[in-house]
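In my numbering, the protein residues as written are 152 to 461.
Ideal Cβ placement from N, Cα and C applies to all residues, glycine included.
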Ligand SMILES: [Zn+2]
Ligand SMILES: [Zn+2]
């Protein structure tokens with residue numbers, strides 16, 4: 152069963168969360184949901200669910216082959232199995248998510264989740280349709296090779312994604328004690344931002360620990376309000392256009408440039424162009440920090456730009 156199958160069990164809770172958020176928004180006079188984008192999110196979620204129910208996954212086959220060649224005999228009966236599985240899934244989720252931002256082939260699918268320009272609980276379920284083409288799930292294969300059962304990895308990933316549902320909201324501010332340790336609405340707002348300094352930050356699922364270890368953690372700052380969406384938005388509320396927007400961009404670039412540039416156009420960072428006519432996230436961030444006059448390392452930059460930590 153796929154991750155998205157398990158997410159269906161969460162649907163009643165999720166529906167209540169959306170209703171409560173919508174109601175609070177109306178009471179406060181905030182437009183948290185617009186009609187076009189909400190319909191697009193629902194259609195994309197339904198499409199994704201239908202596609203993921205087709206039992207045809209090369210990644211799944213590779214997971215099972217890796218599990219057949221497993222290095223250790225692990226079992227649920229071992230007390231450390233579930234804690235290790237949690238940390239393992241979180242670690243590989245971090246890399247799956249980070250690579251989904253840094254490799255255009257994976258970004259083509261993941262960018263659908265980032266296409267929202269309004270943050271609300273419904274946006275949490277806006278997943279791309281083309282995972283089976285991007286095959287980002289390969290990142291988790293080492294977990295199978297270690298000896299974790301593929302079915303258990305899928306369940307832990309579903310739990311991880313369920314946790315992330317509550318992160319998609321503007322209604323919850325910074326939280327005491329857990330910012331920088333757990334993923335929070337504030338940390339995930341930064342993740343969804345297109346502001347240069349926030350791009351490709353805070354990739355963790357439940358934890359922010361790996362972002363801190365690998366230098367991708369950035370705190371939300373009052374001086375830098377989040378702007379949601381893509382650097383090059385599709386400008387459409389049509390779910391099909393949203394789902395295939397980046398694939399269309401890739402096809403256009405491949406037609407435009409000679410063969411020798413195709414590896415970078417397909418597997419290089421999003422925004423890369425042979426003649427530098429567009430910029431990658433790293434280039435945009437470096438430019439921003441040059442303008443701000445701060446170091447490019449995120450921890451130093453945080454301290455330098457965040458008034459509360461300066
Ligand atoms: Zn992302
Ligand atoms: Zn998200």
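Annotation: residue 368 to residue 331 spans about 8 Å, alpha carbon to alpha carbon. When the Cα atoms are used, residue 325 and residue 197 turn out to be separated by approximately 32 Å. With contacts defined as CB atoms closer than 8 Å, residue 162 and residue 172 fail to qualify as a contacting pair. Short of 8 Å from the beta carbon of residue 378, and not among the five residues preceding or following it, lie these beta carbons of its own chain, in chain order: 344, 345, 346. At a threshold of 7 Å, residue 192 does not count as near ligand 1, since its beta carbon sits no closer than that to any of the ligand's heavy atoms. For residue 188, the enclosing alpha helix (DSSP H) begins and ends at 186-203. Look at residue 314 here: in three-state DSSP terms it is helix. Contact residues of ligand 1 (beta-carbon closer than 7 Å to any heavy atom; chain order) are 248, 251, 252, 261, 264, 265, 342, 354. Taking 8 Å as the cut-off, the beta carbon of residue 329 is found no closer than this to the beta carbon of residue 320.
Here residue 333 is near residue 357, since their CB atoms are less than 8 Å apart. DSSP places residue 183 outside both helix and strand once states are collapsed to three, so it counts as coil. Judged by DSSP in its simplified three-state form, residue 381 adopts coil rather than helix or strand. Across the structure, residue 159 and residue 203 are spaced so that their CA atoms are roughly 12 Å apart.
For residue 163, the enclosing alpha helix (DSSP H) starts and ends at 162-178. According to the DSSP assignment, residue 248 belongs to the alpha helix (DSSP H) that extends over 232-253. For residue 289, the three-state secondary structure derived from DSSP is helix.
Note on geometry: alpha-carbon atoms of residue 410 and residue 263 lie some 27 Å from one another.
Ranking 318, 277, 212 by CA distance to the CA of residue 340 puts 318 first. Taking the Cα positions, residue 222 is about 18 Å away from residue 238.
With a cutoff of 8 Å on beta-carbon distance, residue 298 and residue 236 are scored as not near each other.
With a minimum length of 3 residues, there is no unbroken run of beta strand (DSSP E) contained wholly in the segment 350-380. Scanning its chain for C-beta atoms nearer than 8 Å, with the 5 sequence neighbours on each side dropped, one finds around residue 283 the residues 202, 207, 208, 209, 210, in chain order. Taking 8 Å as the upper bound for CB-CB distance, residue 215 and residue 301 are in contact here, some 6 Å apart.
Excluding five sequence positions before and after residue 258, the CB atoms of its chain that fall closer than 8 Å to its own CB belong to 251, 252, 397, 421, given in chain order. In this structure, residue 155 has its beta carbon at no less than 7 Å from each heavy atom of ligand 2. 199 is the residue among 181, 199, 286 whose C-alpha sits nearest the C-alpha of residue 156. Around the beta carbon of residue 240, 16 or more other beta carbons lie within 10 angstroms, which makes this residue buried.
Inclusion of residue 285 and residue 277 in the CB contact set at 8 Å is not warranted, their separation being larger than that value.
For residue 439, the uninterrupted alpha helix (DSSP H) run begins and ends at 432-443, by DSSP.
Per the coordinates, the alpha-carbon of residue 167 lies some 26 Å from the alpha-carbon of residue 389.
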